[in-house]
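Visitor: Below is one structure. I have some questions about it.
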Amino acid sequence: MHTSLLKNTIEQLFANGKGILAMDESTPTCDKRFLAHGIPQTFEMRRNYRQLIATTPGLNESIGGAILYDETIKQQTNNGIPIATELLNAGIIPGIKVDMGSKALAGFPNEMITEGLDGLRERLADYKNLGARFAKWRAVITIGDGIPTKTCIEANVQALARYAALCQESGLVPIVEPEVLMEGTHSMQRCYEVTEQTLKGLFEKLYQYRVDLQGIILKPNMVLAGKESGEKKSIDEVAEATVKCFLSAVPATVPAIAFLSGGQSPQQAAQHLNAINKSYKDHLPWNVGFSFARAIQQPCLEAWKGLDANVETAQKLLYHRAKLSALAHRGAYKFSMETNGL
């Protein structure tokens, strides 16, 4: 077991309030976002965008690690430097998304199972040789009429546990991501119940598969009402419910929780993370940080529009958004920083 190596990597990822940038959008997801902004959906445009992110000046002040996609970890910058190496040279640890996406769970309408365990041991070895030091696997749990079923949760947490064990065997830190989706009309209370059930099932399976909890990162959703519920909760109510849920379900031996943004706006994600750390940081056993994708990238992508002339402006927006996320990690974010600078 590579316990000391794993713990050292986790410490570096979250040092000084830093967090993880999720830039691991699959090709279909990346193309969908490009289409929405009128950007050509090509291999070269995706490379240009990822190069823009990896070469953003000062990004390492707020970002300790970046999750890459299979295509990205094999791409190079204009100077012929692998993007993973570019990040590492900037003081940002490269990681890799290793699941093969969510597919319909046979026999269970409207529920999903994440695939990608076949051949994973060999792929992890290849990614490690390409510079990755941590990995990510995302499970998707949907709340709806009669779902999630116990079977869906069990199938997904078992896959997460098998993936995590293989990562640790390979010397890679597993980011374990059980995402209870925001989409739906469910209440915050229902999200709380499903999140708690999922997390408890997850840690039972991690224990069964002999995963070292000191060498994982948990990447969960916050406890939020469904987007279509019409239910309005304050920032402090979200923070309180989230903290209560996690204290009931997540062992203290887990070193770090890196919240996903899950469709929240950049401002909402920062406000909620900040409230958790500002009000509860001294009472929590884990380092509570972030692993945001759209909540850091969105303003940058909107400004870039696929044009070289916009790269500098886009990078400044990416830098600013990452800085705000890091401040929220420390409980030092203020909404006024959105427009008035830092």
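Everything in the sequence shown is counted per my numbering, starting at 8 for the first residue and increasing by one. Note that CB positions come from ideal geometry on N, CA and C, so glycine has one too.
#1: What are the residues that DSSP puts in a beta bridge with E186?
#2: Please list the terminal residues of the continuous beta strand (DSSP E) segment that includes A276.
#3: Measure the alpha-carbon distance for T320 versus A310 and round it to whole angstroms.
#4: If G72 sits next to G102, beta carbons under 8 Å apart, how far is it from one beta carbon to the other, in whole angstroms?
#5: In this structure, does DSSP put I103 in helix, strand or coil?
#6: Which term fits E118, buried or exposed, when burial requires 16 or more other beta carbons within 10 angstroms of its beta carbon?
#7: Does DSSP put S241 in a helix, a strand or coil?
#8: Around the Cβ of E186, are there at least 16 other Cβ atoms within 10 angstroms (buried) or fewer (exposed)?
#9: With distances taken Cα to Cα, identify the nearest neighbour of A200 among T156, R217, S33.
#10: Go ahead and pull the three-state DSSP assignment for M195.
#11: Per the contact definition of three or more C-beta pairs closer than 8 Å, is the segment 210-220 in contact with the segment 40-52?
#12: For L225, collect the residues of the same chain with a Cβ closer than 6 Å to its Cβ; drop the 5 residues on either side in sequence, then sort them by chain order.
#13: Name the one or two DSSP bridge partners that S109 has.
#14: Got a sec? Which residues, its chain only, sit under 7 Å from Q305 by beta carbon, not counting five neighbours each side?
#15: Could you spell out where the alpha helix (DSSP H) holding V393 opens and where it closes?
#16: What does a CB cutoff of less than 7 Å around V230 pick up in its chain, not counting 5 residues either side in sequence?
#17: Kindly provide the ranges of any beta strand (DSSP E) runs that are 3 or more residues long and lie completely inside the segment 19-54, ordered along the chain.
#18: Can you give me the C-alpha to C-alpha distance between D77 and N96, rounded to a whole angstrom?
#19: Between which two residues does the alpha helix (DSSP H) harbouring N163 extend?
#20: On the DSSP letters alone, give me the boundaries of the beta strand (DSSP E) that A263 sits inside.
#21: Compute the distance between the beta-carbons of V164 and S109, then report whether it is under 7 Å.
#22: Going by DSSP, what residue range makes up the beta strand (DSSP E) through A232?
#23: Given a threshold of 16 other Cβ atoms within 10 Å of its Cβ, counted over all protein chains shown, does T358 qualify as buried or as exposed?
#24: Return the first residue and the last residue of the beta strand (DSSP E) that N136 is part of.
#25: In whole angstroms, give me the CA-to-CA distance for N136 and K330.
#26: With DSSP as the reference, identify every bridge partner of G296, one or two as the case may be.
#27: Does the beta-carbon distance from G191 to G233 come in below 7 Å?
#28: Check Q83 in the structure and name its three-state DSSP category.
#29: I need the straight-line Cα distance from T149 to N86, nearest angstrom please.
#30: Taking C-alpha atoms, which residue in M52, I60, I223 lies nearest to H9?
#31: Round the Cβ separation of L167 and W144 to the nearest angstrom and send it over; I've been treating them as touching at under 8 Å.
#32: Give the C-beta separation of V105 and A162 to the nearest angstrom, bearing in mind that I take them to be a contact with Cβ-Cβ under 8 Å.
#33: Name, in chain order, the residues that DSSP records as bridge partners for F141.
#34: Check whether the Cβ atoms of N281 and A333 lie closer than 7 Å to each other.
#35: So A61 and L94 are in contact, right, with Cβ under 8 Å, and what is the actual spacing, rounded?
#36: With 16 other CB atoms within 10 Å as the buried threshold, where does A91 fall?
Guide: Straight from the coordinates:
#1: V147
#2: Where A276 is concerned, there is no enclosing beta strand (DSSP E), although the alpha helix (DSSP H) it sits in stretches over 273-287.
#3: 7 Å
#4: 5 Å
#5: strand
#6: buried
#7: For S241, the secondary structure class from DSSP, reduced to helix, strand or coil, is coil.
#8: It is buried - the Cβ of E186 has at least 16 other Cβ atoms within 10 Å.
#9: The displayed chain sequence assigns Glu, not Ala, to residue 200. It is T156.
#10: The answer is helix: DSSP assigns M195 an H, G or I state.
#11: no
#12: V183, V261, I264
#13: T121
#14: P273
#15: The shown model of the chain, from 8 to 349, leaves out residue 393, and the question about it has no answer.
#16: M195, C198, Y199, T202, V245, A248, T249, C252
#17: As far as the segment 19-54 is concerned, its whole beta strand (DSSP E) runs of at least 3 residues are 26-29.
#18: For D77 and N96, the distance between alpha carbons rounds to 20 Å.
#19: 157-177
#20: 263-266
#21: Contact annotation: V164 and S109 have beta-carbon atoms that are not nearer than 7 Å.
#22: Premise fails: A232 is in no beta strand (DSSP E) and is neither H nor E.
#23: Past the boundaries of the shown model lies residue 358; the chain is included only from 8 to 349, so the question cannot be answered.
#24: Careful: N136 lies outside any beta strand (DSSP E), inside the alpha helix (DSSP H) at 127-136.
#25: 30 Å
#26: A265
#27: Yes, they are a contact pair.
#28: strand
#29: 43 Å
#30: I223
#31: 6 Å
#32: Not quite, the Cβ-Cβ distance comes to about 18 Å (not below 8 Å), so this is no contact.
#33: G102, V180
#34: no
#35: 5 Å
#36: Answer is buried; the Cβ neighbour count reaches 16.
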